[in-house]
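First comes the structure, then the notes that go with it.
Protein chains: 4
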Amino acid sequence: MQGGYSFEDLKPGMTASYGRTVTEADIAAFAGVSGDFNPVHVNEEFAANTMFEGRIAHGMLTGAFISTVVGTKLPGEGCIYVSQNLRFRAPVRIGDTVTVNVEVTALDPKRRFVTLATTASVDGKPVVTGEAVMMVPVRG
Amino acid sequence: MQGGYSFEDLKPGMTASYGRTVTEADIAAFAGVSGDFNPVHVNEEFAANTMFEGRIAHGMLTGAFISTVVGTKLPGEGCIYVSQNLRFRAPVRIGDTVTVNVEVTALDPKRRFVTLATTASVDGKPVVTGEAVMMVPVRG
Amino acid sequence: MQGGYSFEDLKPGMTASYGRTVTEADIAAFAGVSGDFNPVHVNEEFAANTMFEGRIAHGMLTGAFISTVVGTKLPGEGCIYVSQNLRFRAPVRIGDTVTVNVEVTALDPKRRFVTLATTASVDGKPVVTGEAVMMVPVRG
Amino acid sequence: MQGGYSFEDLKPGMTASYGRTVTEADIAAFAGVSGDFNPVHVNEEFAANTMFEGRIAHGMLTGAFISTVVGTKLPGEGCIYVSQNLRFRAPVRIGDTVTVNVEVTALDPKRRFVTLATTASVDGKPVVTGEAVMMVPVRG
């Protein structure tokens, strides 16, 4: 065991968080691995003429940060992703620090499912909200 | 305009697809940009002892491929991500070719929202299913 | 078929374009994959003392962008690269937005070859010019 | 000076070479930096049904290797790329070792231009041939 929670250890209200300052390099890397070279992400001239007035990060990059928290902190290693809902509320720009907070909201002992509210914010304002469901191993 | 669909051009039943053979390098790159170094993705010794019997790709990497199709093909450039639901159904392993198919299922002219069924499959078997909602620009 | 043009669909004068803002991360990535760590690209102290007065992108990175347009847009998927001539006219710096425009200039039905003028510009000024020849599949 | 040749030091017949075994990771990285996710490079299922019967490297990746030799070995640091012609003769597959040989063929003292024959081979068979012209500094 390298550190994930067992199902028995989880309680509603438990929280974890993860913060990242989004750099130009992160956007380049995410475009590179996903194949998403939409110009709103990688072409400043194009993006300057959109409603965003400049390049924005891929929404799914913030989705990836959410996945990082549930997969490595709460419930952490050993859990299996069942589902994730994402609602994109505001853009993330280069230089923004995205903080993802997750909180256990429900437990289903029969299926060993835990539900977490997942909220990513910039300057305290939600940019991506949603809900994760994870399947969690029972203790030893 | 560089190639995305306008709202008026979209019809239920329109489809697009995108395929990628998932390599070890993709998993390393996704771990690097997300920060998700869950050992089931990056530690073969650990992963060999899980129910997956080897490393698997991040579920959100497939989520990123879905985002690539909607952001670059259908509806494509100029659209804005409103929401994405993801249901993780089966693991993706190194060497698997993931094919994402998206299909327009509903149009909301008032809000210029298009709903798409989003399905990622390996060997014809769904690995991630869900639904995307995008806001799409009107013509001229 | 996933979206490339068939030879029969190509006409002189058809165009496509692709734009990218060149970031420091792109130069690092290109150095890493090519092995070209010429200090004019990766050593700011060295580069500051050259006629360029700072790091410049690899010329072949712009060449790669040209290859992206012909390989994914016009003629797109399914075509085969026969040849590419590149004339490097001006440096590309970090932060520059490179726009590649390609235009069909000639068609050779016997060999199914299409010739395209390929021009990469920054702020409307050509930085790399040249010509691509692609072999394109016929329909059906 | 970190190692490049001055114009006065160059003679016809001088040679240099550079070899690289092309990995899946190199193709992923090149797709990522260029934006060229043509399925013949990144989708094994698609590529298996082409005349190549499997994924092939981007032609411009070999072009990048050529640029590495001229930019770092002969003439090396300090030179400026004037032009490069590339003729793509055969595909490069994952696992192939590409060896690039360059040879000085002409010198133009007035413009300080050096011309080099540039040949990339796999198993002794040319895969990309062409010619580079570089502008080279004179000795301090």
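Protein chains in written order, with this note's numbering: chain U, 1 to 140; chain R, 1001 to 1140; chain F, 2001 to 2140; chain S, 3001 to 3140.
Ideal Cβ placement from N, Cα and C applies to all residues, glycine included.
Query, Result
"Please list the residues of the stretch 33 to 63 of chain U that have a C-beta atom closer than 8 angstroms to any C-beta atom in chain S, keeping them in chain order.", "V33, G35, F37 and V42"
"What does the alpha-carbon distance come out to for the pair V2133/F and F2113/F?", "6 angstroms"
"Is it true that the CB of V3136/S sits closer than 8 angstroms to the CB of F3046/S?", "no"
"What does a CB cutoff of less than 8 angstroms around L146/U pick up in its chain, not counting 5 residues either side in sequence?", "The structure shown does not extend to residue 146/U, since chain U spans only 1 to 140, so no value can be given for it."
"In this structure, how does DSSP classify P3126/S when only helix, strand and coil are distinguished?", "strand"
"Using alpha carbons as the reference points, say which of V3138/S, T3119/S, H3058/S and F3052/S lies closest to E3077/S.", "V3138/S"
"Residues of chain R with CB under 7 angstroms from A3106/S, in chain order?", "Under the 7 angstroms cutoff, chain R gives no residues; its nearest Cβ is about 40 angstroms from A3106/S."
"Hey, how far is the Cα of P3126/S from the Cα of Y18/U?", "51 angstroms"
"Would DSSP call T3023/S helix, strand or coil?", "coil"
"To the nearest angstrom, report how far apart Y3005/S and D36/U are at their CA atoms.", "41 angstroms"
"Return helix, strand or coil for M3135/S, following the three-state DSSP convention.", "strand"
"Take every Cβ of the stretch 95 to 111 of chain U, pair it with every Cβ of the stretch 64 to 79 of chain U, and state whether three or more of those distances are shorter than 8 angstroms.", "yes"
"Please give me, in chain order, every unbroken run of the beta strand (DSSP E) with length at least 3 that falls completely inside the stretch 2044 to 2098 of chain F.", "2080 to 2088"
"Distance, Cα to Cα, E131/U vs E1131/R?", "15 angstroms"
"For H3058/S and N43/U, what's the separation of their Cα atoms in angstroms?", "23 angstroms"
"For F1030/R, which of helix, strand or coil comes out of DSSP?", "helix"
"Quick one: what does DSSP say D1036/R is sitting in, helix, strand or coil?", "coil"
"Which residues in the same chain have their Cβ closer than 6 angstroms to the Cβ of S83/U, if we skip the five residues on either side of it in sequence?", "V133"
"What residues match up with L1107/R in a beta bridge as DSSP calls it?", "V1114/R"
"Determine the direct distance from the alpha carbon of N2085/F to that of S2121/F, and round the result to whole angstroms.", "16 angstroms"
"Please check if any C-beta of chain R sits within less than 8 angstroms of the C-beta of E3008/S.", "no"
"With a 10 Å radius around its C-beta and 16 neighbouring C-beta atoms as the bar for buried, classify M1001/R as buried or exposed.", "With a pLDDT of only 36 at M1001/R, under 50, the local geometry of the prediction cannot be trusted, and the value read off the model is given with reservation. The residue in question, M1001/R, is exposed, as its Cβ has fewer than 16 Cβ neighbours within 10 Å."
"G2076/F CB to nearest chain U CB: under 8 angstroms?", "no"
"With a threshold of 8 angstroms between beta carbons, is N85/U in contact with chain R?", "yes"
"Output yes if chain S places a C-beta closer than 8 angstroms to the C-beta of S2067/F; else output no.", "yes"
"Please list the partners that D1026/R has in chain U, where partner means a Cβ-to-Cβ separation under 8 angstroms.", "V33"
"F3088/S CB to nearest chain F CB: under 8 angstroms?", "yes"
"Is any beta-carbon of chain S found at less than 8 angstroms from that of R1020/R?", "yes"
"Note down, in chain order, every chain U residue with its Cβ under 7 angstroms from the Cβ of G1095/R.", "Within chain U, no residue comes near G1095/R; the closest Cβ sits about 17 angstroms away, beyond 7 angstroms."
"Please list, in chain order, the residues of the stretch 2098 to 2128 of chain F that have any C-beta partner in chain S closer than 8 angstroms.", "none"
"Listing by chain order, which chain R residues have their CB less than 9 angstroms from the CB of T15/U?", "None at all; the shortest Cβ gap to chain R is about 18 angstroms."
"When the distance is taken between beta carbons, is T1119/R closer than 8 angstroms to T1129/R?", "yes"
"Sort K110/U, T115/U and I80/U by Cα distance to M1051/R and report the nearest one.", "I80/U"
"From this set, P3039/S, I3056/S and N3038/S, which residue's C-alpha is nearest F3088/S's C-alpha?", "I3056/S"
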